[in-house]
Amino acid sequence: MAQGLISDHRVVYGTLQSEQPSDRVLEVEGGNDDINAGFGGKRVAFVWLVPVYTADPSNAASAFDVVIQSSEDPNRNDLAAGAGGDFRYLLPITTGARQIASVALLRSKESVDSIPPGYDGKTTDINKGRGGDFLYLLWQWI
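So the sequence shown is numbered by this note's numbering: it starts at 6 and just counts up by one.
Printed below as a string of structure tokens:
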């Protein structure tokens, strides 16, 4: 794992599974870490998250928020690119007292209401409103 605290995520798009970045966020139980799994399109078939690190605690994220909207944000990369439908963004929250040191994805066939053991927080469902698996970003604070 890279050194430092997590400040954000870089969204990486691919047309082939073999294009997956080695430093991508992995699914906690070894499952599929493609954000677009089951929703891929022609232009973009795969979407992965790669953590962006910082050494400065004031720039570190304390949580992440999933934003789902009908209009595109030109300053962010869509987590649902190529799949059609709403635009989905993962936004860092940097106003908390704690800093995130590691992240993982959790993919589930059912909604997950509680934070899994070993983690300190989770997003709302990244796939909300589009069917398929429930998908969450989990994090651990330092």
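We put the beta carbon where it would ideally sit given N, CA and C, even for glycine.
* Asked: In three-state DSSP terms, what is residue 22?
  -> As a first step, residue 22 must be located in the sequence shown, where it is residue number 17. Secondary structure of residue 22 (DSSP, three-state): helix.
* Asked: Under three-state DSSP, which class holds residue 119?
  -> For this step, residue 119 is matched to residue 114 along the sequence shown. DSSP places residue 119 in coil when its eight states are reduced to three.
* Three-pair Cβ contact test at 8 Å for the segment 114-129 versus the segment 75-85 -> With a cut-off of 8 Å, the segment 75-85 and the segment 114-129 do not count as touching, because too few Cβ pairs lie within range.
* Asked: With DSSP run on the structure shown, which of helix, strand or coil describes residue 79?
  -> Residue numbering aside, residue 79 sits at position 74 when the sequence shown is read from its first letter. In the structure shown, residue 79 sits in coil (DSSP, three-state: anything other than H, G, I, E or B).
* To do: Select from 73, 19, 14, 84 the residue whose C-alpha is nearest the C-alpha of residue 55.
  => The residue you call residue 55 lines up with position 50 of the sequence shown. Checked all of 73, 19, 14, 84; the closest Cα to residue 55 is 14.
* **Buried or exposed (CB count within 10 angstroms, at least 16 for buried), residue 136** => Residue mapping note: residue 136 aligns to position 131 of the sequence shown, counting from 1. When all chains shown are included, residue 136 counts as exposed.
* Could you tell me the distance, in whole angstroms, from the CA atom of residue 30 to the CA atom of residue 74? => Mapped onto the sequence shown, residue 30 falls at position 25. Mapped onto the sequence shown, residue 74 falls at position 69. The C-alpha of residue 30 lies about 23 Å from the C-alpha of residue 74.
* Asked: In three-state terms, what does DSSP make of residue 12?
  -> As a position in the sequence shown, residue 12 is number 7, starting the count at 1. The three-state secondary structure of residue 12, taken from DSSP, is strand.
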